[in-house]
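Please read the structure below before turning to the comments.
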Amino acid sequence: MEQRAPRDRNWLLVLDGLPDPVSRSRDFARRALTAWHWLPTERQAVRDAAEDVLLLVSEVVANACLHGGGPGALVLDCTDERLRIEVTDANPHPPVAAPTASADPGRPGGHGLLIVDRLARSWGSRPGASGKCVWLEVPCPPGGLGAPARASGA
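FYI, in numbering that gives the first Met the number 0 the residues of the sequence shown are 0 to 153.
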């Protein structure tokens, strides 16, 4: 179930019980980025920022699937300065990064929070009514593309 706030700056996707929540979340984020004019673009910096967002959404939703008892909801909240991504799950314990010394770079898994830590400007978690919310923020690409493009008048 998708819900959007006025001006489409806050998007909500309820994930509880949906099949394939990682793919659905990524598709949902791509639609939001398109609405906010991050995509499509010929500007490499904006394209890179959008790809980072899609990767981050995939990682936090996958972590909720693997460690949080399944994701509850995904919220994308965009301002002119930043994009905040929030994912709720049923596990009340905060996320814990795997020790980097034990993570084998050749094996899948165990790298999600390392990716989040490297790509997000900030991230954390907060307790929720029935679990927690993991949040992260990334800066909007240069030019304040977090809002729809405005027509220029001459």
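The beta carbon of each residue, even a glycine, is placed where N, CA and C say it ideally should be.
Evaluate Leu-65 with the Cβ neighbour count: other Cβ atoms within 10 Å of its Cβ, from every protein chain shown; 16 or more gives buried, anything less gives exposed. exposed
Where Trp-134 and Asn-9 are concerned, what is the direct C-alpha to C-alpha distance, given to the nearest angstrom? 14 Å
Judging by CA-CA distance, which residue of Thr-78, Cys-132 and Leu-75 is the nearest neighbour of Asn-62? Cys-132
Helix, strand or coil at Pro-18 according to DSSP, with G and I counted as helix: coil
Using only the alpha-carbon positions, how far apart do Leu-32 and Leu-38 sit? 6 Å
Using a 10 Å radius around the Cβ and a threshold of 16 neighbouring Cβ atoms, would you call Val-59 buried or exposed? Buried, since its Cβ has 16 or more Cβ neighbours within 10 Å.
Pull up the distance between the alpha-carbon of Pro-156 and that of Gly-123, whole angstroms please. In the structure displayed, the chain extends from 0 to 153; residue 156 sits before or after that span and is not available.
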